[in-house]
Structure formats: C-alpha cells, structure tokens
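Q: Residue numbers (our numbering): 243 to 311. Starting off with a structure, shown below.
Here it is as structure tokens:
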C-alpha cells in the first residue's frame with residue numbers, strides 16, 4: 243500500500259499500482275459529484291463509499307485505491 247497523501251491510499255495489485263496523482267484527482271472529483279449510495283463512474287474508475295465507514299473505494303482494470311478511515 244502507498245500513501246498518496248490527501249487521505250488516499252493506493253493498493254498494490256496484480257495489475258500494478260495506480261499513479262498517486264491520478265488517484266488524488268479521481269477522489270477529488272468524486273467528492274465534488276458524489277450523489278446517493280450507488281457507485282459512480284469518475285474518469286473511467288468505479289467509485290463508491292461504504293455506508294458504515296464512509297471509506298471510498300475506486301477500481302479500474304484490476305487497479306484499486308481508497309480513502310483512509
């Protein structure tokens with residue numbers, strides 16, 4: 243796991259590691275357009291928040307990153 247700053251953590255997966263600048267940009271855009279409880283598409287990523295913890299998880303092509311607690 244890599245701490246990208248801004249409360250964003252990139253997960254190392256078999257597909258690789260997301261670029262931190264992209265992860266932070268996607269989370270920033272997600273927070274600006276977040277609507278409801280359903281996952282939404284942001285820059286080709288599928289992002290959604292866990293209703294209990296409010297941790298946001300984004301995934302695309304086997305890559306993954308999330309916000310911290």
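Glycine included, every Cβ here is placed at the ideal spot set by N, Cα and C.
(1) Which same chain residues, not among the five before or five after residue 317, have their C-beta less than 6 angstroms away from its C-beta?
(2) Does DSSP put residue 270 in a helix, a strand or coil?
(3) Measure the alpha-carbon distance for residue 243 versus residue 263 and round it to whole angstroms.
(4) Cα-Cα, which of 311, 275 and 306 is closest to residue 256?
(5) Count the other C-beta atoms from every protein chain shown that fall within 10 angstroms of the C-beta of residue 295, then say buried if there are 16 or more, exposed otherwise.
(6) Cβ of residue 301 within 7 angstroms of Cβ of residue 309?
(7) Note the first and the last residue of the continuous beta strand (DSSP E) segment covering residue 288.
A: Taking the coordinates as given:
(1) Since the first and last residues shown for the chain are 243 and 311, residue 317 lies out of range.
(2) In the displayed model, residue 270 falls within a helix according to three-state DSSP.
(3) Those two C-alpha atoms are separated by around 15 angstroms.
(4) Here the closest residue by C-alpha is 306.
(5) Counting of Cβ neighbours within 10 angstroms places residue 295 among the exposed residues, the total staying below 16.
(6) Result no, Cβ atoms of residue 301 and residue 309 do not sit closer than 7 angstroms.
(7) DSSP places residue 288 in the uninterrupted beta strand (DSSP E) bounded by 287-291.
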